[in-house]
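Colleague: If you scroll down you'll find the structure; I have some questions about it.
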Amino acid sequence: MSGPRKIARNPQHQQQLYVKDLNERKVLLEGFLSEAERFEETREVDVSRLTALENYDFHPKIKEVSQKLYEDKHYAQAVEEA
């Protein structure tokens with residue numbers, strides 16, 4: 001699909017290249033559909049547990065004030081309090 005295009009040697013080879021290209025596009029589209037269906041089922045992602053504040057080198061007072069707010073998904077307030 002991407003990269004240099006092959007030049008067909010004859011009509012049969014041209015058809016083979018075309019079918020191969022269609023199959024690659026089909027696989028790509030199926031992947032997109034699969035992801036779209038997955039996101040329909042789960043519309044929200046809980047980032048509070050994915051990016052824990054302990055992993056960052058913040059000043060201890062900032063963590064003390066903001067961590068609980070951040071984990072409870074009060075992101076704006078966590079930033080303001082910090």
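Heads up: the sequence shown runs through residues 1 to 82, numbered per the numbering used here.
The C-beta atom is built at its ideal place from N, Cα and C for all residues, glycine as well.
Just so we're clear, the structure is a prediction, and the values are computed from it rather than from any experiment.
Check whether the Cβ atoms of Leu17 and Ala8 lie closer than 8 Å to each other.
Modeller: In this structure, Leu17 lies near Ala8, with their beta-carbon atoms less than 8 Å apart.
Colleague: Can you give me the C-alpha to C-alpha distance between Ser66 and Arg5, rounded to a whole angstrom?
Modeller: 54 Å
Colleague: Please report how far the alpha carbon of His59 lies from the alpha carbon of Phe39, in whole angstroms.
Modeller: 36 Å
Colleague: With a threshold of 7 Å on Cβ separation, who are the neighbours of Val81 within its own chain once the five nearest residues in sequence on each side are excluded?
Modeller: With the sequence shown as reference, residue 81 is identified as Glu, and Val is not the correct amino acid for it. Val65, Ser66 and Leu69, listed in sequence order.
Colleague: Roughly how many whole angstroms lie between the Cα atoms of Asp57 and Val27?
Modeller: 42 Å
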